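Worksheet: one structure, shown below.
Protein chains in written order, with the numbering used here: chain A, 486 to 764; chain B, 486 to 764.
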């Protein structure tokens with residue numbers, strides 16, 4: 486099959502590689518508004534050719550939107566305008582806004598809303614990786630709003646990439662990712678800013694940076710434009726989680742201020758329950 | 486040389502292995518108040534024998550305290566009481582309190598205050614690892630208060646383990662580790678509690694846990710007793726950093742509440758400067 490990928494950055498580029506590596510796409514066409522990225526995607530062999538949106542759609546059986554979520558919301562209606570019997574899917578980090586943008590579109594049922602749970606802190610075509618999605622989860626949202634045959638194509642594709650599938654409505658998805666992904670990014674960004682602020686006075690501070698620091702701050706290297714977009718789209722859920730997180734931090738603060746070390750230890754013993762989840 | 490290690494958990498056990506693997510200790514004697522840990526340390530080959538404190542000190546050239554910092558503060562004066570020409574070192578996470586506990590001790594100069602910057606979220610003798618300290622930093626604090634020959638022995642030991650040395654006064658050390666290690670643990674513990682709180686309503690939440698989440702929450706598996714001890718000992722510095730961190734998080738919150746996405750992106754662009762440090 487010929488696949489069009491709109492946006493050949495970290496996710497789009499990695500998906501292009503995965504589709505080729507697994508024999509799922511004979512040809513991958515890239516659509517890319519950034520000329521430098523388009524050029525690099527060709528040079529790196531992520532895509533076979535770069536075309537305009539309408540040319541690309543008419544030559545493809547599957548169209549994947551791998552651009553930031555607000556751009557998906559803008560582009561998706563016109564992508565669906567051009568669709569005859571193609572399947573269209575997105576891979577964005579939030580789902581409610583994207584689905585709402587095409588709810589009444591005559592070709593809504595050709596669109597499958599998905600979110601493969603993989604990413605790194607890097608961005609652009611150079612960040613694309615082989616074997617990126619293997620053994621991770623993909624969420625498919627509001628499956629009942631898509632044609633059964635379109636869903637089957639997308640499910641089969643993800644399974645062939647070694648992913649397992651989860652089904653959720655868009656609303657629940659957006660709440661869950663706020664907890665399981667978005668807040669981790671905010672804490673990392675904020676932690677980096679905390680330490681960078683101190684570094685202005687104490688230039689030796691990073692000489693001590695340990696593996697624990699590297700692990701908690703890694704996500705602070707993530708792309709600001711991408712994440713502004715994600716946080717804007719999932720604003721209410723992210724604010725809820727951020728408030729809860731600040732209130733959890735305040736418990737640590739209060740226990741230290743009051744020198745209530747029994748309570749402090751209790752807070753950490755509770756946090757240890759995460760061992761059930763993270764092996 | 487014969488080395489006594491007081492406390493054969495994660496750090497003491499790993500140090501025992503490193504000393505043997507690198508031919509630095511012909512014999513390692515363990516001193517361990519937890520009988521089960523003592524037994525496991527023998528079975529795992531971390532130590533050659535278990536002895537009482539006074540027996541162990543008199544048979545050794547080097548004594549290492551690898552117990553939680555508050556226990557170091559209690560034990561160190563009596564360890565120094567028994568010292569003739571042995572070198573004593575600790576490996577604790579905070580340094581001001583430990584050094585203050587022996588400032589006026591007649592054998593103070595036999596003690597070298599150190600902090601090897603390595604650890605994992607696991608604890609106990611079973612968590613001990615070979616090659617643990619390689620390519621990490623060790624801080625030596627208040628070097629001028631220790632005998633030159635004692636410092637030389639400790640420096641040589643750490644260099645042979647593949648570590649590079651940093652020198653700092655205890656006060657600066659404790660500020661720096663609050664920024665570079667302690668706050669990371671608090672944010673991880675608090676993040677785990679944030680998500681575990683939500684899990685009470687939504688049991689599917691962890692199905693989506695991604696690599697980013699695993700990375701930021703990893704430290705929440707750390708030992709509560711150990712970290713209560715560290716936070717107690719470094720209370721004022723940790724509170725300073727925690728306040729700064731909460732205020733950094735509030736900037737994210739304010740920018741989202743006011744829908745000031747330009748400022749939000751600016752905050753993340755600033756955080757990206759961490760790339761200079763974390764490759």
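Cβ coordinates follow ideal geometry from the N, Cα and C atoms, glycine included. Just so you know, these numbers come straight off a predicted model, no measurement behind them.
- Restricting attention to A/695, A/752, A/518 and A/551, the CA atom closest to the CA of residue 537 of chain A is found in A/518.
- Residue contact check for residue 627 of chain A against chain B: no CB pair falls below 8 Å.
- Residue 509 of chain A carries a coil assignment under DSSP once its states are collapsed to helix, strand and coil.
- Taking residue 514 of chain B as the centre and dropping the five residues before and after it, the same chain places the C-beta of 489, 534, 536 and 541 closer than 6 Å to its C-beta, in chain order.
- For residue 673 of chain A, same chain residues with a beta-carbon under 6 Å away, outside a window of 5 residues either side, are 702, 704 and 705 in chain order.
- Boundaries of the alpha helix (DSSP H) around residue 715 of chain B: 709-718.
- The alpha-carbon of residue 680 of chain A is positioned some 14 Å away from that of residue 724 of chain B.
- The C-beta separation of residue 494 of chain A from residue 551 of chain A comes to about 7 Å, placing the pair in contact by the 8 Å criterion.
- Between the beta-carbon of residue 565 of chain A and that of residue 595 of chain A there is about 7 Å, and that keeps the pair under the 8 Å contact cut.
- Along the segment 660-680 of chain A, going in chain order, the ones with a CB nearer than 8 Å to a CB of chain B are 660, 661, 662, 664, 665, 666, 668, 669, 670, 671, 672, 673, 674, 675, 676, 677, 678, 679 and 680.
- For residue 590 of chain B, no beta strand (DSSP E) segment is defined, and its DSSP state is neither H nor E.
- Given a length threshold of 4 residues, each whole run of the alpha helix (DSSP H) inside the segment 518-564 of chain A is given here in chain order: 520-528 and 538-543.
- Interface flag for residue 718 of chain B against chain A is unset, since no Cβ pair is found closer than 8 Å.
- For the pair residue 683 of chain B and residue 626 of chain B, the CB atoms are not nearer than the 8 Å cut-off.
- With respect to chain B, the C-beta atom of residue 737 of chain A has a partner C-beta closer than 8 Å.
- The Cβ atoms of residue 600 of chain B and residue 623 of chain B lie closer than 8 Å to each other.
- At a Cβ-Cβ threshold of 8 Å, residue 650 of chain A and residue 643 of chain A count as neighbours.
- For the pair residue 697 of chain A and residue 669 of chain B, the CB atoms are nearer than the 8 Å cut-off.
- Nearest Cα to residue 585 of chain A within the set A/630, A/613 and A/612: A/630.
- Taking 8 Å as the threshold, the shortest C-beta distance from residue 713 of chain B to chain A falls below it.
- The DSSP-derived three-state label of residue 689 of chain A is coil.
- For residue 754 of chain B, the C-beta contacts it makes with chain A under 7 Å involve 709, in order along the chain.
- Contact of residue 584 of chain A with chain B is not assigned, every C-beta pair being separated by 8 Å or more.
- Here residue 607 of chain A carries a coil assignment [DSSP, helix/strand/coil].
- The Cβ of residue 618 of chain A sits no closer than 8 Å to any Cβ of chain B.
- Under the criterion of beta carbons closer than 8 Å, residue 762 of chain B and residue 731 of chain A do not qualify as touching, at roughly 26 Å.
- Taking 8 Å as the cut-off, the Cβ atoms of residue 759 of chain A and residue 604 of chain A do not count as close.
- Along the segment 677-703 of chain A, going in chain order, the ones with a CB nearer than 8 Å to a CB of chain B are 677, 678, 679, 680, 681, 682, 683, 687, 689, 690, 691, 692, 693, 694, 695, 696, 697, 698, 699, 700, 701, 702 and 703.
- Not one beta carbon of chain B lies nearer than 8 Å to the beta carbon of residue 527 of chain A.
- Nearest to residue 520 of chain A by alpha-carbon distance, out of A/546, A/501, A/492 and A/689, is A/492.
- Per the coordinates, the alpha-carbon of residue 546 of chain B lies some 33 Å from the alpha-carbon of residue 663 of chain B.
- Cα atoms of residue 667 of chain A and residue 728 of chain A: separation of roughly 13 Å, rounded to the nearest angstrom.
- The alpha-carbon of residue 568 of chain B is positioned some 30 Å away from that of residue 716 of chain B.
- Looking at B/740, B/660, B/720 and B/752, the one whose alpha-carbon comes closest to that of residue 687 of chain A is B/660.
- When only Cα atoms are considered, residue 557 of chain B and residue 577 of chain B end up about 8 Å apart.
- Listed along the chain, the chain B residues whose CB falls inside 7 Å of the CB of residue 554 of chain A amount to none; the nearest CB is some 13 Å away.
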